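Using the working numbering, you'd call the opening residue of the sequence shown number 658 and step up by one each time.
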Amino acid sequence: MDGIFLQQLVNGLTLGSVYGLIAIGYTMVYGIIGMINFAHGEVYMISAYLAAISLALLAYFGIESFPLLMLGTLVFTIIVTAVYGWVIERVAYKPLRNSTRLAPLISAIGISLILQNYAQISQGARQQGVPTLLTGAWRVEVGSGFVQLTYTKIFILVAAFVGMGLLTYVIKYTKLGRMCRATQQDRKMASILGINTDRVISYVFIIGAAMAALAGVLITMNYGTFDFYAGFVIGIKAFTAAVLGGIGSLPGAMLGGIILGISESLFSGLVNSDYKDVFSFSLLVLVLVFRPQGLLGRPLVSKV
Numbered sequence: 658m659d660g661i662f663l664q665q666l667v668n669g670l671t672l673g674s675v676y677g678l679i680a681i682g683y684t685m686v687y688g689i690i691g692m693i694n695f696a697h698g699e700v701y702m703i704s705a706y707l708a709a710i711s712l713a714l715l716a717y718f719g720i721e722s723f724p725l726l727m728l729g730t731l732v733f734t735i736i737v738t739a740v741y742g743w744v745i746e747r748v749a750y751k752p753l754r755n756s757t758r759l760a761p762l763i764s765a766i767g768i769s770l771i772l773q774n775y776a777q778i779s780q781g782a783r784q785q786g787v788p789t790l791l792t793g794a795w796r797v798e799v800g801s802g803f804v805q806l807t808y809t810k811i812f813i814l815v816a817a818f819v820g821m822g823l824l825t826y827v828i829k830y831t832k833l834g835r836m837c838r839a840t841q842q843d844r845k846m847a848s849i850l851g852i853n854t855d856r857v858i859s860y861v862f863i864i865g866a867a868m869a870a871l872a873g874v875l876i877t878m879n880y881g882t883f884d885f886y887a888g889f890v891i892g893i894k895a896f897t898a899a900v901l902g903g904i905g906s907l908p909g910a911m912l913g914g915i916i917l918g919i920s921e922s923l924f925s926g927l928v929n930s931d932y933k934d935v936f937s938f939s940l941l942v943l944v945l946v947f948r949p950q951g952l953l954g955r956p957l958v959s960k961v
């Protein structure tokens, strides 16, 4: 039983770290402009296809080394996906920035449907896949059983936390990060002080798309399969993680993703995998009943 529990804990930590990467895109956009980018799940889906295309191209040119494959795939996928994020901001959000709050939401849903159908038409409706790139595992005996940590999961955990660490450094210690924080606190005052808030908002969409691209590469490595509809389910889960941790908080997004991933995995392995989503969303409701702003979110203050 201890071995099963620890194995599911490792699986949940791996899954949750990727949820957290995608949740960052939701929480950054909401923190800056106060709106939810409901096309973000499809950005992740596009990155999964781009990762597979990149791996196929690199293999075609005879590159078989895992470090080179990963480096090339990450660079290509992150750059192209970041362009998608920039285009979404320019098409679905910037023209409607001074409109009603409902208009950008509807526009984002429309972009989401467009990206789904674009992927279905261009890549086909059938499930796609990539081969296992990193084989082998590290096993530890626990009681009468054992815990297996594959090298792929180790790579995913390291890559996810390195990505989160780099983003945290950028937000806390760089000029871009200071501009993002200033725009988040008071966009009008930041503009008066000389910050190009329109450019900052574009940067936020690009950063969020880059984190989704990293998650897309990692999930594709872990599961090996994806389709044009994959972004919807993962997007809802990542949005749930962002709300659970506190929408607008970067540490909250990562914490919410890890909690959601671990709870899903434990419930699936120890109780029933058919109702893991029910348990996860029940957990979200329970947290929000007692802490509406999420685990690390700022308390809600009503304006008089």
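Built from N, CA and C at the ideal position, the CB exists for glycine as well.
Quantities reported herein were computed from a predicted structural model and do not represent experimental measurements.
In this structure, DSSP gives GLY903 a state outside helix and strand, which the three-state scheme calls coil. With distances taken between CA atoms, ILE661 lies nearest to GLY802 out of GLY802, LEU940, GLY954.
In the pairwise beta carbon analysis, the stretch 805-820 is classified as touching the stretch 671-682: at least three pairs are separated by under 8 Å. For THR854, the three-state secondary structure derived from DSSP is helix. THR730: not part of any beta strand (DSSP E); member of the alpha helix (DSSP H) spanning 723-745, first to last residue. The beta carbon of LEU715 sits closer than 6 Å to the beta carbons of LEU726, GLY729 from its chain, once the five residues preceding and following it are set aside; these are given in chain order.
Boundaries around GLY802 are those of the beta strand (DSSP E), 802-807, since no alpha helix (DSSP H) includes it.
DSSP places GLY786 in the strand class (E or B) of the three-state scheme. In the three-state reduction of the DSSP assignment, ALA866 falls in the helix class, which pools H, G and I. Beta-bridge partners of THR882 (DSSP): GLY786.
In this structure, ALA899 and THR684 form a Cβ contact; the two beta carbons are roughly 5 Å apart against a cut-off of 8 Å.
Following the DSSP letters along the chain, one finds ARG955 in no beta strand (DSSP E), marked with neither H nor E. Scanning PHE938, SER906, GLY822 for the CA closest to the CA of LEU917 turns up PHE938. Note that the stretch 874-882 touches the stretch 696-712; at least 3 beta-carbon pairs, one per stretch, sit closer than 8 Å.
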